[in-house]
Structure formats: C-alpha cells, structure tokens
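Structure first, commentary second.
Chains as they are written, first to last, in the numbering used here: chain A, 1036 to 1148; chain B, 395 to 508.
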C-alpha cells in the first residue's frame, strides 16, 4: 500500500523568507500527488496537484511543487512567506482513479515577524 | 456555488451513545468521502460513496457506517461511541472520484466523546 511521509512536524519561518515543505511517498509507480492546506478550524483546501507532465506545478497563493521521481518526492515551495500562510499543510497521494487519497501526517507552519 | 456543508459543526456525546453526521456535497458532485482527523493519527479514510453505493471502505470497525442519498447528500453514523472516537470528521466531495480532479472539503464536524 502507498504511504506518505512528511518528515517535518513543525516549521517556523520568518515573514518574507522562502519555504520548502518536504513530502516523500512510497509507491511502485507514479501516483497522483496533492498538497492541501488547513487553516485553524477549517477544512482542507487544495493548493496544487500533479497527475502527469511537467514536473514543476504551480498552485494557488504563490505555491509551487516539484515532482522528483528519482527521489519519490513532491516538495512544496514558496519564495516569500506571508503571515497568512501559517497553517497546517498536508501532502496526499492517490494511485488510481477511484481509490482514496492517503494523507501524510501534516506539517504545521508558523510564521514570525 | 455553495461549498461542502457539514452539520453539526460541534457536538458532545457520552460513551455508549451514537451520533449521526451529515454532509451536503457541492451541487453536481456525486462522490462523497469521509475522513477522521485526530492529532495522533492524522487524516484516516473512512469510506467513499458514489451514486448511493459504497465504493471504498477504510479500516474502521463496523460501528462506523454511512450512506448516501439520491441527492448525493451523505450521512455517517457512529454507534456505541468510545473516547477514542473524539475527532474532527471531514467530508469531501468530488465530481466522480479522484481522477476528476480534486476533493473539496467541508469544515468538519468536531465530535467530543466524554
């Protein structure tokens, strides 16, 4: 079965600094890959997704992610973090059209002035 | 376009009771999935319904059940509640499943079991 690892439980960055959140997956083939964000008291919102094609994908709110097959990774990046980006971020993996997503445990992002 | 609506948002129950949570998907979405979110386990898949049929089921005991109605609205039920059932229950809808694009999540129903 596929699995998702987000190695960082909590990350703190300064406002305006760059950000990279790590995600590694375990699956024999190329899965469908997603990043979701959850603000306190809210549901999850999709930031971006990768199905195939260009390995660098752009998402909402200035986020991007790069799929690296050789490293089984799908890291999320943002060049300049804003205080409103403070939230929990989840990487998710799917393996076919009708199987449920498997989520990582999440990375909580704190932003300091 | 209205988003995914979950009711109730908050509820408190005692051990042994049962609870029913409701989810109204985005208009036109036929797939509804349910996830349990806890600090220790993260997001765990409960089940998915598509056109009133359970299409996928996670690894939860039979106390957890669900159903979907002809208008795509879904309910999940937990019987004989245990303390460990305290969690945020998230519902997500999609047009026809994963390949159609993305899951749209509701804000969740936070269940506290005392």
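Positions of the beta carbon are idealized from the N, C-alpha and C atoms, including for glycine.
Open item on the list: Comparing C-alpha positions only, which one of A:1037, A:1059 and A:1145 sits nearest to residue 1100 of chain A?
Closed with: A:1059
- [ ] Quick one: using the 10 Å Cβ neighbour count with 16 as the cut-off for buried, is residue 1089 of chain A buried or exposed?
- [x] exposed
TODO: List the residues of chain A that residue 427 of chain B touches, going by C-beta distances under 7 Å, in chain order.
DONE: 1135
Open item on the list: Closest to residue 1087 of chain A by C-alpha separation, out of A:1039, A:1141, A:1068 and A:1054, would be which residue?
Closed with: A:1068
Open item on the list: Looking at chain A, is there any beta carbon in it that lies within less than 8 Å of the beta carbon of residue 501 of chain B?
Closed with: yes
TODO: Could you pull out every residue in the same chain whose Cβ sits closer than 6 Å to the Cβ of residue 411 of chain B, ignoring the five residues on either side in sequence?
DONE: 475
Task: Backbone CA spacing between residue 494 of chain B and residue 396 of chain B [nearest angstrom] - done: Its pLDDT being 46, under 50, residue 494 of chain B is placed unreliably in this model, and the coordinates cannot settle the point.
Open item on the list: Just to make sure I have the definition right: I need the residues of chain A whose C-beta is within less than 8 Å of the C-beta of residue 439 of chain B. Which are they?
Closed with: 1135, 1136 and 1137
- [ ] State the DSSP-derived secondary structure class of residue 416 of chain B, mapped to helix, strand or coil.
- [x] strand
- [ ] Determine which residues of the stretch 1094-1114 of chain A have a Cβ less than 8 Å from any Cβ of chain B, and write them out in chain order.
- [x] none
Open item on the list: Between the alpha carbons of residue 1044 of chain A and residue 1082 of chain A, how many angstroms are there, rounded?
Closed with: 19 Å
TODO: Just tell me which of A:1135, A:1143, A:1050 and A:1129 has its CA closest to the CA of residue 1109 of chain A.
DONE: A:1129
Open item on the list: So for residue 1095 of chain A, helix, strand or coil by DSSP?
Closed with: Per DSSP, reduced to three states, the secondary structure at residue 1095 of chain A is helical.
Open item on the list: Restricting to Cα atoms, I'd like to know which of A:1076, A:1065, A:1111 and A:1119 is closest to residue 1038 of chain A.
Closed with: A:1065
Open item on the list: Give me the chain B residues within the contact set of residue 1077 of chain A, using Cβ-Cβ distance strictly less than 9 Å, ordered along the chain.
Closed with: Result: 499, 501 and 502.
TODO: Would you mind giving the Cβ-Cβ distance between residue 428 of chain B and residue 440 of chain B, rounded to the nearest angstrom? I have them listed as a contact below 8 Å.
DONE: 4 Å
Task: Closer than 8 Å to chain A by CB, residue 484 of chain B - done: yes
Open item on the list: Could you tell me the alpha carbon to alpha carbon distance between residue 1105 of chain A and residue 1057 of chain A, rounded to whole angstroms?
Closed with: 15 Å
Task: Contact set between residue 1141 of chain A and chain B, taken where Cβ atoms lie within less than 7 Å - done: 436
Open item on the list: According to DSSP, residue 447 of chain B sits in a beta bridge with which residue or residues?
Closed with: B:444
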